[in-house]
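Number of protein chains: 2
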Amino acid sequence: MAQGRDQASGAAGGSRAESAPPPRRGRGSRPTIGDVAALAKVSKATVSFVVNDRAGVSPAARRRVRAAMEDLGWQPNAGARALSNKRAQTLGLVMRRQPELLSTDPFFPQFVAGIETGLAPLGYALVLQVVPDEDTERQAYERLARDGRVDGVFLTDLRVDDPRPALVTELGLDALIVGPPQPGSRVPAIGVDDGSGIRRAVSHLRSLGHRRIGHVCGAEGYVHTEARRDAWRGALADAGLAEVPPVEADFTGASGARATHQLLDLDRPPTAIVYANDLMAIAGITAATGRGLRVPEDLSVVGFDDIPLADCIAPPLTTVRQDVLTWGNVAAQALAARTEGRAPEQITLPPVEFIIRSSTAPPPRGGRQE
Amino acid sequence: MAQGRDQASGAAGGSRAESAPPPRRGRGSRPTIGDVAALAKVSKATVSFVVNDRAGVSPAARRRVRAAMEDLGWQPNAGARALSNKRAQTLGLVMRRQPELLSTDPFFPQFVAGIETGLAPLGYALVLQVVPDEDTERQAYERLARDGRVDGVFLTDLRVDDPRPALVTELGLDALIVGPPQPGSRVPAIGVDDGSGIRRAVSHLRSLGHRRIGHVCGAEGYVHTEARRDAWRGALADAGLAEVPPVEADFTGASGARATHQLLDLDRPPTAIVYANDLMAIAGITAATGRGLRVPEDLSVVGFDDIPLADCIAPPLTTVRQDVLTWGNVAAQALAARTEGRAPEQITLPPVEFIIRSSTAPPPRGGRQE
DNA sequence: CCCTTATTCTAAACCGGTTTGATGAGCTCG
DNA sequence: CGAGCTCATCAAACCGGTTTAGAATAAGGG
Numbered sequence: 001m002a003q004g005r006d007q008a009s010g011a012a013g014g015s016r017a018e019s020a021p022p023p024r025r026g027r028g029s030r031p032t033i034g035d036v037a038a039l040a041k042v043s044k045a046t047v048s049f050v051v052n053d054r055a056g057v058s059p060a061a062r063r064r065v066r067a068a069m070e071d072l073g074w075q076p077n078a079g080a081r082a083l084s085n086k087r088a089q090t091l092g093l094v095m096r097r098q099p100e101l102l103s104t105d106p107f108f109p110q111f112v113a114g115i116e117t118g119l120a121p122l123g124y125a126l127v128l129q130v131v132p133d134e135d136t137e138r139q140a141y142e143r144l145a146r147d148g149r150v151d152g153v154f155l156t157d158l159r160v161d162d163p164r165p166a167l168v169t170e171l172g173l174d175a176l177i178v179g180p181p182q183p184g185s186r187v188p189a190i191g192v193d194d195g196s197g198i199r200r201a202v203s204h205l206r207s208l209g210h211r212r213i214g215h216v217c218g219a220e221g222y223v224h225t226e227a228r229r230d231a232w233r234g235a236l237a238d239a240g241l242a243e244v245p246p247v248e249a250d251f252t253g254a255s256g257a258r259a260t261h262q263l264l265d266l267d268r269p270p271t272a273i274v275y276a277n278d279l280m281a282i283a284g285i286t287a288a289t290g291r292g293l294r295v296p297e298d299l300s301v302v303g304f305d306d307i308p309l310a311d312c313i314a315p316p317l318t319t320v321r322q323d324v325l326t327w328g329n330v331a332a333q334a335l336a337a338r339t340e341g342r343a344p345e346q347i348t349l350p351p352v353e354f355i356i357r358s359s360t361a362p363p364p365r366g367g368r369q370e
Numbered sequence: 001m002a003q004g005r006d007q008a009s010g011a012a013g014g015s016r017a018e019s020a021p022p023p024r025r026g027r028g029s030r031p032t033i034g035d036v037a038a039l040a041k042v043s044k045a046t047v048s049f050v051v052n053d054r055a056g057v058s059p060a061a062r063r064r065v066r067a068a069m070e071d072l073g074w075q076p077n078a079g080a081r082a083l084s085n086k087r088a089q090t091l092g093l094v095m096r097r098q099p100e101l102l103s104t105d106p107f108f109p110q111f112v113a114g115i116e117t118g119l120a121p122l123g124y125a126l127v128l129q130v131v132p133d134e135d136t137e138r139q140a141y142e143r144l145a146r147d148g149r150v151d152g153v154f155l156t157d158l159r160v161d162d163p164r165p166a167l168v169t170e171l172g173l174d175a176l177i178v179g180p181p182q183p184g185s186r187v188p189a190i191g192v193d194d195g196s197g198i199r200r201a202v203s204h205l206r207s208l209g210h211r212r213i214g215h216v217c218g219a220e221g222y223v224h225t226e227a228r229r230d231a232w233r234g235a236l237a238d239a240g241l242a243e244v245p246p247v248e249a250d251f252t253g254a255s256g257a258r259a260t261h262q263l264l265d266l267d268r269p270p271t272a273i274v275y276a277n278d279l280m281a282i283a284g285i286t287a288a289t290g291r292g293l294r295v296p297e298d299l300s301v302v303g304f305d306d307i308p309l310a311d312c313i314a315p316p317l318t319t320v321r322q323d324v325l326t327w328g329n330v331a332a333q334a335l336a337a338r339t340e341g342r343a344p345e346q347i348t349l350p351p352v353e354f355i356i357r358s359s360t361a362p363p364p365r366g367g368r369q370e
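In order, the protein sequence lines correspond to chains A and B.
Counting in full-length UniProt numbering, the first sequence runs from 1 upward without gaps.
Counting in full-length UniProt numbering, the second sequence runs from 1 upward without gaps.
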């Protein structure tokens, strides 16, 4: 056949002026497996075998099919494939977040980016939903499951007694928890360890000489909030340090500032504070500075997340960095493997990094130290 | 044929102990339109008519179908539907971002959340891709188009001479530009106006008495970077203020600090600086403070974005807030409408807000003012 | 009462792939 | 030379919906 132009269906016609309708919106003109089969002079089945790398096709036929594919620029249609396979080749992520809090959160974009880098080479897509509350969250999972849009979902930001592991099991969705495994649930997890970062922070502060180390917690009800608080409390106990009441906050700057004042108003205020995230830590620095305290001379501050701003402020923030991008990547591969029934690769997450900048220093001598 | 049981596939079998495999992973057991039709004693076509609210079904039949749907908990399968309709009921968003910059960016999460709130009630899903560079970006669009995974895509962060409007047109994808319309392209746009926020900022500074107002630009090559710079330059000219050379930066904190030093090193340094985003502005405050300048007494600073941190730092940042959530919402509806061939509703975006906090004040008397 | 027109409903084709069962060609071997 | 195999190939059924063409029934008109 002339190698020139015999592209897809019709279309080619006379490139004359003619009133012939142009190739319908570009769409619809896409070649199908049938076109490829016809051009390669084989059946659709053979083409299918070729694209799926299955045995039973002669080298000659395989070559012809490959050439035809190339010629037509054909790639199998994802939807049709999904229908036959009963697999959508798509994974779902439902994020539940206050819209205001969303843009603070360094986790979300990084994690999504990581998932993407893991999914793209596998030919998977990611469908995303952002929901405001628990009700819509449940509906989102139900819809994803019913519609058959996804093969599996990621579960992030687990709450204590989170209903989602049970929900997805009931819905028959494959799932992967990003965080510590849920006791009593068969949903697999990639074990994120929030504790070790906090322990590193406490140990760092202790070695600087701090004896009273406070903690500003994240929003109540999340397992990572608990994990961080427990790690802090445990580290204090292990080191035989003074107990300081933890103070609740909710990851917002305002709550961080309030919590900071609360700690500094204690009879015996801490000389160092570990915050559950950077936003609260920065707000804490501002709050402390506003009271006439100097950071780090009078008060040491440790954050969590290492947001880009952390080293743009004064003083640059000592903080804990987690490689969320890699989490996403690993999670993507693990969940894809699971939906395909393959055992996931050995899962190892990179360890947290503890970034020492200038918001921590030895505690003041005597002075407020009581 | 016996009307009795011809449900889906086997399964039903003996519920005896037997080694019969349990209903495969919960999945696969989902009812189909055929099951509903059988239960309601109508044809598949009738069921289809009912779910799609089409005329030509008697009230009685309609009721029976509804009941059967309810009974079985059936909802049409999205994939099958997409295949028939040649519509995926899915929209795509490809974000090109340096992973490091991703978590800074208040735009991305908010915009995604906004899209979602617009899409969910329409039964659309969003597939997301995050890519590192221009090459993978193009591939992402090509794959989305070829696979037939999406009906349309959002185009954000337009660059000057951006190849994407032409690309998507060529790929036959419906698209919507989030930003100013591209001259010479037929791709519709929702007109985001970066300029007015900057003009507000300049006018605010001018009314405080500033005569020398500098600008730290965003990354080169983006239309919004240009728009902001042009607006700044135009506002200066309109007010007959002194020209100050704009200084290039790239939205990162480090670049913001560097740019700030560059401006302050001028023979006649500005008394106020307008930054293209908050991150650079905050880094700028830190840089200026490090040189012994006080903000706002010696230098006024205006940011752009109103990130949550903006009012947690000292001094709280005067900045421009755009309602990105609403942009996403509006964009979603507009693009969905377009893919369905409907004319989109009248598009009106909320105006930007100018948030005056404490990083701006009258310029110092005499002193550095020369 | 027959003919026309509307209405309700269904069988069958279709979307674009995958998978299965059957057919036929080419080999080996007794 | 024919039985027995293997291998390549293809037609047809299937996934779960939508859509069309036409049959069956009901209603209206002369």
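Cβ atoms here follow ideal geometry from the backbone N, Cα and C, with glycine treated the same way.
Owing to the predicted nature of the structure, the values given are computational and were not obtained by experimental measurement.
Exclusion of the five residues before and after A/Pro165 leaves Gln182, Ser185, Val187 as the residues of its chain whose Cβ lies within less than 6 angstroms of its Cβ. Taking the beta carbon of A/Asn77 as reference, the chain B residues within 7 angstroms of it are Asp147, Gly148, listed in sequence order. For A/Ser300, the beta-bridge partners assigned by DSSP are A/Ala272. Contact between the stretch 137-147 of chain A and the stretch 139-148 of chain B is absent: fewer than 3 CB-CB pairs across the two stretches fall below 8 angstroms.
Per DSSP, the beta-bridge partners of A/Ala175 are A/Val153. Contact of B/Glu116 with chain A is assigned, a C-beta pair being separated by under 8 angstroms. Put simply, the backbone Cα of A/Val130 is about 7 angstroms away from that of A/Arg97.
For the C-beta of B/Phe108, the chain A residues within less than 7 angstroms are, from N- to C-terminus, Pro109. Proximity to A/Arg258 across A/Arg268, A/Ala334, A/Gly218, A/Ser203 peaks at A/Gly218, based on C-alpha coordinates.
B/Asp105 belongs to the set of residues whose beta carbon lies under 8 angstroms from a beta carbon in chain A. For A/Val352, the three-state secondary structure derived from DSSP is coil.
Judged by DSSP secondary structure, A/Ala125 falls within the beta strand (DSSP E) whose first and last residues are 125-131. For the 8 angstroms CB-CB criterion, A/Leu158 and A/Val112 do not form a contact.
The Cβ atoms of A/Ala343 and A/Ile190 lie no closer than 8 angstroms to each other.
What A/Ile282 touches in chain B, judged by beta-carbon distance under 8 angstroms, is Leu309, Cys312, Ile313, going in chain order.
Counting C-beta atoms within 10 angstroms of its own C-beta, A/Gly148 has 16 or more neighbours from the protein chains shown and is therefore classed as buried. If you ignore the 5 residues before and after A/Asp71, its C-beta comes within less than 7 angstroms of the C-beta of Leu39, all in its own chain and listed in chain order.
Per DSSP, A/Gly341 is not a residue of any alpha helix (DSSP H), being assigned neither H nor E.
Between A/Val244 and A/Pro270 a beta carbon distance of about 5 angstroms is seen, short of the 8 angstroms cut, so the two are scored as contacting.
Take the alpha-carbon of A/Ala175 and the one of B/Val153: they are about 28 angstroms apart. Taking every protein chain shown into account, the CB of A/Arg291 has fewer than 16 other CB atoms within 10 angstroms, so this residue is exposed. Where A/Gly56 is concerned, there is no enclosing beta strand (DSSP E), because DSSP gives it neither an H nor an E. Chain order gives the chain A residues near B/Leu126 as Val127, Leu128, Gln129, where near means a beta carbon separation below 8 angstroms.
Residue-level contact by beta carbon fails for B/Gly218 and chain A, as no gap is shorter than 8 angstroms.
Annotated three-state conformation of B/His210 is coil, per DSSP. In terms of beta-carbon proximity, B/Gly290 lines the interface with chain A, with at least one pair separated by less than 8 angstroms.
Taken in chain order, the members of the stretch 50-84 of chain A whose beta-carbon sits within less than 7 angstroms of a beta-carbon on chain B are Gln75, Asn77, Ala78, Gly79, Ala80, Ala82, Leu83. According to DSSP, residue pairing for B/Thr319 in a beta bridge involves B/Ile355. Against chain A, the beta carbon of B/Leu167 has no neighbour under 9 angstroms; the closest one sits roughly 12 angstroms away. When CB distances to chain B are screened at a threshold of 9 angstroms, the residues of the stretch 251-263 of chain A falling below it are Thr252, Gly253, Ala254, Gly256, Ala257, in chain order.
The C-alpha of B/Gly34 is placed about 16 angstroms away from the C-alpha of B/Gly79. When the alpha-carbon of B/Asp105 is set against those of B/Thr326, B/Asp305, B/Ala314, B/Val330, the nearest one is in B/Asp305. Counting along the chain, B/Val112 sits inside the alpha helix (DSSP H) bounded by residues 107-119.
For B/Ala332, the nearest beta carbon of chain A is not closer than 8 angstroms to its own beta carbon. Residue range 90-96 is occupied by the beta strand (DSSP E) that includes B/Leu91. Taking C-beta atoms as the reference points, A/Ala37 and A/Val47 count as a pair closer than 8 angstroms.
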